[in-house]
DNA sequence: ATGACATATGAGATATGA
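In the working numbering, the protein residues as written are 22 to 282.
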């Protein structure tokens, strides 16, 4: 089965792009982030007409996550524990039937955290702690689990064209990278690195500004983390760079993995 | 040093993003 993640940067602005991509790539499950709309405004019908079930956790103007799936979601969770007053819609998770049993998938939009030294950065770090605590619980289920999304973390210098330009940025600060490592080191596999090793130039985001795409001045911040039971079934992982050549593209491109049925 | 560029809100200019 094929599982994808993509930060669309507004689902309303990107609806035609998303439909074209789904028609081309035909994932069984697609995690979307940065919807920038409330649940009632999500264009669900367009995806349902393509055969997808739709679950969303939306918010006006900012954030928002969704999962599209060819099988019916069960055990849906919206949001993370730990901050009851947290109004930011950044996490949705469900379990999906597949040919070889159930697969649990989460769509994650981790806080950006800039500028460092502000509440935004401490919120990012707290959110990462909450995600890690939840992931620790999920791992005890010993089931195929896929944590996919925009993590807003550049894991290593290999994941940026110009890492020196990111010094001091919340995406690359040691605290952010350390918390990402702590999550991975619970026992997750970074699907792209598992398949491509230390290959350079694997990016998922290019700024709209300063010709970043044309110069391939990108960063890898969209990640697919696999539990051991999911990693056992990994047969492929790729970054869909050509999606950046769409008309009015998102500044992110999809990451897609294949799991053996 | 700043802005570039894109989107949402809402009707001009500001907030957010990464």
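The beta carbon of each residue, even a glycine, is placed where N, CA and C say it ideally should be.
When you compare only the Cα positions, how much space is there between residue 86 and residue 185? In the first chain, counting from the first residue as 1, residue 86 sits at position 65. In the first chain, counting from the first residue as 1, residue 185 sits at position 164. Rounded to whole angstroms, residue 86 to residue 185 spans 31 Å at the Cα level.
Residues in the same chain with beta-carbon distance under 7 Å from residue 76, minus the five sequence neighbours each way, listed in chain order, please. Position 55 of the first chain holds residue 76. Hits under 7 Å: 87, 88, 94, 97, 113, 115.
How many Å lie between residue 189 and residue 231 at the Cα? Locating residue 189 in the first chain gives position 168, where the first residue counts as 1. Locating residue 231 in the first chain gives position 210, where the first residue counts as 1. Answer to the nearest angstrom: the Cα atoms are 20 Å apart.
Return helix, strand or coil for residue 130, following the three-state DSSP convention. Residue mapping note: residue 130 aligns to position 109 of the first chain, counting from 1. Residue 130 falls in the strand class under three-state DSSP.
With H, G and I counted as helix, E and B as strand and the rest as coil, what does DSSP make of residue 54? In the first chain, the residue the question calls residue 54 occupies position 33. Three-state DSSP puts residue 54 in a strand.
Starting from the C-beta of residue 237, find all residues in its chain whose C-beta is less than 8 Å away, skip the five residues before and the five after it, and write them out in chain order. Along the first chain, read from residue 1 onward, the residue named residue 237 stands at position 216. Around residue 237: 182, 222, 224, 227.
Could you tell me which residues DSSP puts in a beta bridge with residue 123? One-based indexing of the first chain puts residue 123 at position 102. In the DSSP output, where bridge partners are listed per residue, residue 123 has 118.
Where residue 248 sits in the DSSP three-state scheme: Sequence index remark: in the first chain, residue 248 carries index 227 (1-based). Residue 248: coil per DSSP, three-state reduction.
Nearest by alpha-carbon distance to residue 125: which of 32, 166, 141, 133 is it? Your numbering for residue 125 matches position 104 in the first chain. The shortest C-alpha separation from residue 125 is found at 166.
CB-CB under 6 Å to residue 267, same chain, minus the five flanking residues each way: which ones, in chain order? As a first step, residue 267 is located in the first chain; it is residue number 246 there, counting from the start. Closer than 6 Å at Cβ, skipping near neighbours: 38.
Considering just the uninterrupted stretch of the alpha helix (DSSP H) at residue 216, what are its terminal residues? As a working mapping, residue 216 is identified with position 195 in the first chain. Counting along the chain, the alpha helix (DSSP H) containing residue 216 begins and ends at 212-217.
To the nearest angstrom, how far is the alpha carbon of residue 241 from that of residue 66? Taking the first chain and counting its residues from 1, the one referred to as residue 241 is at position 220. Taking the first chain and counting its residues from 1, the one referred to as residue 66 is at position 45. Each residue's alpha carbon lies about 32 Å from the other.
Residue 174 and residue 209 closer than 8 Å at C-beta: Residue numbering aside, residue 174 sits at position 153 when the first chain is read from its first letter. Residue numbering aside, residue 209 sits at position 188 when the first chain is read from its first letter. No. Outside cutoff.
Between residue 134 and residue 277, what straight-line distance do the alpha-carbon atoms span, to the nearest angstrom? By 1-based counting over the first chain, the position of residue 134 is 113. By 1-based counting over the first chain, the position of residue 277 is 256. C-alpha separation (whole angstroms): 26 Å.
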